[in-house]
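In my numbering, the protein residues as written are 9 to 185.
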Amino acid sequence: MLIVGLTGGVASGKTAASQVLKEEGAYIIDADQIARELVQPQKPAWNELIRAFGKDILQEDGSIHRKKLAEKVFADPKQRKRLNQILHPRIKEEMGRRTKEIGQKDPEAIVVIDAPLLVELGDHYEMDKLIVVTSTQTQQIERLKERDGIGPEAALKILSSQMSLGEKVKLADFIIG
C-alpha cells in the first residue's frame, strides 16, 4: 500500500486534485469530511467544542455553525490551537482506521490522505509521498468568498493564519498548481 499525503492552502484546489486521483483509482480519505462527521450533534467532539467555544457556535438545529466557529478560531491563534487539540487526535485516529481497513481489503491500494494541516501538524512524515496543491492568493481569496460566503478581509485572515504554500512546497515530492 502506498500512502500519499495531499495538502495545500485553504481553497487551493485540493478537492479537485483528489477527485482526479480518485478517478484514477486511488482511495481518498478526506480529513475535512471526517471533521464534519465528528462534530455532528451529540458526538463527543461536538460536546467538547461547545464547552470550549460556547453555545453561540450552534445553529438552530443544534449543528455547528462552521462560519461562526471559523470567526472565533481564525481571529485568535490560541482558539485555533484549542480547536486543533479537540479535533486533530480524533481525525488522525479515524484516518488511521480507514487506511488500515483499505489496506486489509486492497494491499496494493494507493491511499490519498487529503488534509489541509498535514504539514502544520507534522503528519506528512507518516506519508510515503507528499503532494502539495498550489494556487495564487487571489485565487484562494476568490474561492473562499464564493465557497464560504465571506468577505475579502475574512478570507485574508484565514490565509494569514496558515503556513505559507512556499514552506509546504519545499517538503513536496510532487506539486500541482
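Each residue gets a CB set at the ideal place from its N, CA and C atoms; glycine is no exception. In this text, all values refer to a predicted model and were calculated from it rather than measured experimentally.
When C-beta atoms of the segment 25-37 are compared with those of the segment 163-170, fewer than three pairs fall below 8 Å, so the two segments do not count as touching. Rounded to whole angstroms, the gap between the alpha carbons of F182 and V141 is 9 Å.
In the DSSP secondary-structure assignment, Y35 is bridged to V119. Taken atom to atom, the span from the alpha-carbon of P124 to that of A39 is near 8 Å.
Close CB contacts of L66 within its chain, under the 8 Å cut and outside five residues either way in sequence, are with I58, I72 and H73 (chain order). Judged by their CB atoms, E102 and I36 are not nearer to each other than the 7 Å cut-off. Beta bridge pairing from DSSP links I11 with V119.
In terms of Cβ geometry, D136 and L10 form a close pair [threshold 7 Å]. Around the beta carbon of V12, a 10 Å sphere encloses 16 or more other beta carbons of the protein chains shown; the residue is thus reported as buried. If you check the CB distance, I139 and L46 do not come in under 7 Å.
An exposed status is given to V28, since fewer than 16 other beta-carbon atoms sit within 10 Å of its beta-carbon. When the beta-carbon positions are compared, P52 and G70 stay at least 7 Å from each other.
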